[in-house]
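As structure tokens, the structure follows; a few thoughts come after it.
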Amino acid sequence: MTAWGVLLFTGGCLVAVLSGLIKDEIRGWLDLVPYGILRLAALLLESGQRKTIYEDEWIPELYHILRKADTRPISRLFVGIHFAFGLLVSVRGISRRINRESQIDASSPNIVPGDSPRESLKVPDRLTPVVDGDETVLMMFQTHQEVMNSFQDTYTALNMENSEKDQAQGAAAHKIASSFISEMTQ
Amino acid sequence: MADVIKVFLEDPQRPRYGFELMRLTGQPSGSLYPNLAKFENAGWLTGGKEDIDPSAEGRPARRWYRITGAAVPAARVQLDALSERYRPPVAVRLRLSSPGATP
Chain A
528 MTAWGVLLFT
538 GGCLVAVLSG
548 LIKDEIRGWL
558 DLVPYGILRL
568 AALLLESGQR
578 KTIYEDEWIP
588 ELYHILRKAD
598 TRPISRLFVG
608 IHFAFGLLVS
618 VRGISRRINR
628 ESQIDASSPN
638 IVPGDSPRES
648 LKVPDRLTPV
658 VDGDETVLMM
668 FQTHQEVMNS
678 FQDTYTALNM
688 ENSEKDQAQG
698 AAAHKIASSF
708 ISEMTQ
Chain B
2 MADVIKVFLE
12 DPQRPRYGFE
22 LMRLTGQPSG
32 SLYPNLAKFE
42 NAGWLTGGKE
52 DIDPSAEGRP
62 ARRWYRITGA
72 AVPAARVQLD
82 ALSERYRPPV
92 AVRLRLSSPG
102 ATP
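Structure, rendered in structure tokens:
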């Protein structure tokens with residue numbers, strides 16, 4: 528009877544340990560599924576875009592989703608797959624758009640993404656309309672008065688920060704606004 | 002697309018991340034990332050990488066987006082215009098706000 532007890536206890540411990548190991552193993556493999564889908568999406572990108580889009584943006588974001596966003600494994604897996612699959616479906620469009628618009632960027636040196644935390648205060652030389660399907664959602668300013676008001680707000684906001692750099696940027700904004708207004712009114 | 006810009010306008014200085022924007026706007030990645038690319042290339046948004054040491058943090062640096070200074074007033078004007086365009090007529094609003102009204 529004692530021998531059976533020891534056997535049962537040992538068997539129970541083994542099952543508990545093995546089930547834990549199997550659970551960890553399955554969890555590890557399941558975490559790879561979203562990465563696999565994302566890798567598939569990356570293969571559809573042009574080779575030059577893989578570094579900037581796949582390695583610098585998608586992978587860190589998926590890593591965040593799988594490690595930080597949700598500790599519940601099934602929810603985490605679902606969100607990770609949802610994220611990766613959405614990109615897989617739209618990857619061709621993203622690639623085409625970035626390809627097309629990187630050519631436009633070359634003629635607009637002020638609109639260059641950067642790493643500076645103050646980057647948002649860089650004033651682009653112009654804002655272009657953003658179009659969704661047939662509808663222009665965000666258009667350039669409609670009227671002369673709107674241009675005046677908008678750039679005046681920007682100028683004031685930039686100057687409120689009081690630093691020399693901000694004031695210089697505010698002055699730059701004002702200069703761009705002035706030239707833009709004179710172009711529009713000619 | 003207006004949803005995305007609205008999130009940026011809530012705090013123009015705050016950097017936003019892709020997954021955060023997905024949660025706040027309810028947009029899937031397949032819609033959000035093409036929109037972010039559109040906005041960034043049109044000069045409405047700017048982006049950069051987190052200023053962290055990946056080996057110290059144990060994770061790769063994420064990419065952030067922020068609305069550009071020039072886009073803030075422009076976006077406010079445009080969102081106001083959008084809101085005005087889709088606002089119900091006065092008669093409908095009065096009917097909805099009257100006591101006992103059912104939407």
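From first to last, the protein sequence lines are chains A and B. The opening residue of the first sequence carries number 528 in the working numbering; numbering runs sequentially from there. The opening residue of the second sequence carries number 2 in the working numbering; numbering runs sequentially from there. We put the beta carbon where it would ideally sit given N, CA and C, even for glycine.
In this structure, how does DSSP classify residue i when only helix, strand and coil are distinguished?
| i | result |
| --- | --- |
| B/R60 | coil |
| A/R599 | coil |
| B/R17 | strand |
| A/R566 | helix |
| B/R77 | helix |
| B/R67 | strand |
| A/Q576 | helix |
| A/R619 | helix |
| B/D4 | helix |
| A/D558 | helix |
| A/M538 | One point to set straight first is that residue 538 of chain A is Gly, not Met, in the sequence displayed. DSSP places A/G538 in helix when its eight states are reduced to three. |
| B/G27 | coil |
| B/P89 | coil |
| B/D12 | coil |
| A/L548 | helix |
| A/I553 | helix |
| B/L83 | helix |
| A/L614 | helix |
| A/L571 | coil |
| A/V664 | Residue confidence for A/V664 is low, a pLDDT of 49 falling below 50, so the modelled location carries little weight; the figure read from the coordinates is stated next. DSSP places A/V664 in strand when its eight states are reduced to three. |
One question on the structure: do residue i and residue j come within less than 7 Å of each other, judged by their Cβ atoms?
| i | j | result |
| --- | --- | --- |
| B/W65 | B/G44 | no |
| B/L10 | B/A76 | yes |
| A/L593 | A/R603 | yes |
| A/Y590 | B/R60 | yes |
| A/I621 | B/P35 | yes |
If you draw a straight line from the C-alpha of residue i to the C-alpha of residue j, how long is it?
| i | j | result |
| --- | --- | --- |
| A/V717 | A/H609 | Lying before the first or after the last residue shown, residue 717 of chain A is absent from chain A, which here runs from 528 to 713. |
| B/R67 | A/I625 | 18 Å |
| B/F20 | A/G532 | 53 Å |
| B/P74 | B/L37 | 19 Å |
| B/E51 | A/Q576 | 19 Å |
| B/G27 | A/E588 | 16 Å |
| A/L721 | A/G555 | This structure cannot speak to residue 721 of chain A, because chain A is shown only from 528 to 713. |
| A/A530 | A/D558 | 42 Å |
| B/E41 | A/R566 | 24 Å |
| B/A82 | B/P55 | 43 Å |
| A/L548 | B/L25 | 37 Å |
| A/L535 | A/V542 | 10 Å |
| B/A71 | B/R88 | 27 Å |
| B/Q79 | A/K550 | 52 Å |
| A/C540 | A/I553 | 20 Å |
| B/K39 | A/P561 | 25 Å |
| B/V8 | B/E85 | 19 Å |
| A/W585 | B/S98 | 46 Å |
| A/S574 | B/Q14 | 33 Å |
| A/L545 | A/K595 | 27 Å |
| B/R63 | B/I53 | 9 Å |
| B/M23 | B/G31 | 10 Å |
| B/D4 | B/V91 | 25 Å |
Are there any heavy atoms of the ligand ZN lying less than 6 Å away from the beta-carbon of residue i, as far as the coordinates show?
| i | result |
| --- | --- |
| B/R24 | No copy of the ligand ZN appears in this structure; indeed no ligand is present at all. |
Throw me the rounded Cβ distance for the residue i and residue j pair, which I believe falls under 8 Å.
| i | j | result |
| --- | --- | --- |
| A/A568 | A/V618 | 4 Å |
| A/I580 | A/A611 | Rounded, the Cβ-Cβ distance is 13 Å, inconsistent with contact. |
- Task: Run through the region 32-57 of chain B for me and flag every whole beta strand (DSSP E) of 3 or more residues, listed as ranges in chain order.
- Result: Segments of the beta strand (DSSP E) lying fully in the region 32-57 of chain B: 46-50.
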